[in-house]
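Going by my numbering, the first residue of the sequence shown is number 650, and it counts up by one from there. The C-beta atom is built at its ideal place from N, Cα and C for all residues, glycine as well. Have a look at the structure below, then the notes.
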Amino acid sequence: MEETKQKTVLSGIVQSMEAFLQWAKENPQCKLSELEDRVQKVKTEIGTQLLEAAVAQQGQAALAEEQCFCGGAWVIAGYRERHVMTSQGVIRVKRAYFTCERCGQGFFPLRRSERDKWGVE
Ligand SMILES: [Zn+2]
């Protein structure tokens with residue numbers, strides 16, 4: 650991952666934690682259960698950000714290595730964003746989108762490792 654991008658992700662995570670601590674400081678009378686609930690929310694926020702960043706990082710390294718089923722070559726047709734529900738909440742996944750120059754089918758060609766990741770055939 651590009652260093653600037655990584656710093657942005659990490660600073661977003663730090664901000665989530667700082668906001669929680671600030672809230673706790675300003676609300677000393679709150680119940681322990683409220684702090685617990687808020688920590689849980691922060692953990693989920695952090696998980697979402699980390700997972701999204703890790704997926705984006707791996708996606709950048711992915712190149713279209715395979716041909717269309719019809720034997721045609723892929724031509725990059727832009728990028729599409731998908732929302733994927735994970736155990737860490739909904740993450741945004743940006744993927745290169747390809748169309749086949751022969752049959753015109755649109756695909757997100759996935760490498761073997763990505764097929765395993767997303768659980769698709
Ligand atoms: Zn094709």
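Item: Inter-residue spacing [alpha-carbon to alpha-carbon] between GLN754 and GLY727; Value: 14 Å
Item: Any non-hydrogen atom of ligand 1 within 7 Å of ARG751 CB; Value: yes
Item: Three-state secondary structure (DSSP) of PHE669; Value: helix
Item: Buried versus exposed call for ILE740 [16 or more other C-beta atoms within 10 Å across all chains shown]; Value: buried
Item: Same chain, Cβ closer than 6 Å to VAL704, five either side skipped, listed in chain order; Value: VAL742
Item: Check whether THR653 and LEU700 have beta carbons under 8 Å apart; Value: no
Item: Candidates ARG729, TYR746, PRO677, ALA722, of which the one nearest CYS752 by Cα; Value: ALA722
Item: TYR746 versus CYS717, GLY738, ALA673, residue with shortest Cα-Cα distance; Value: CYS717
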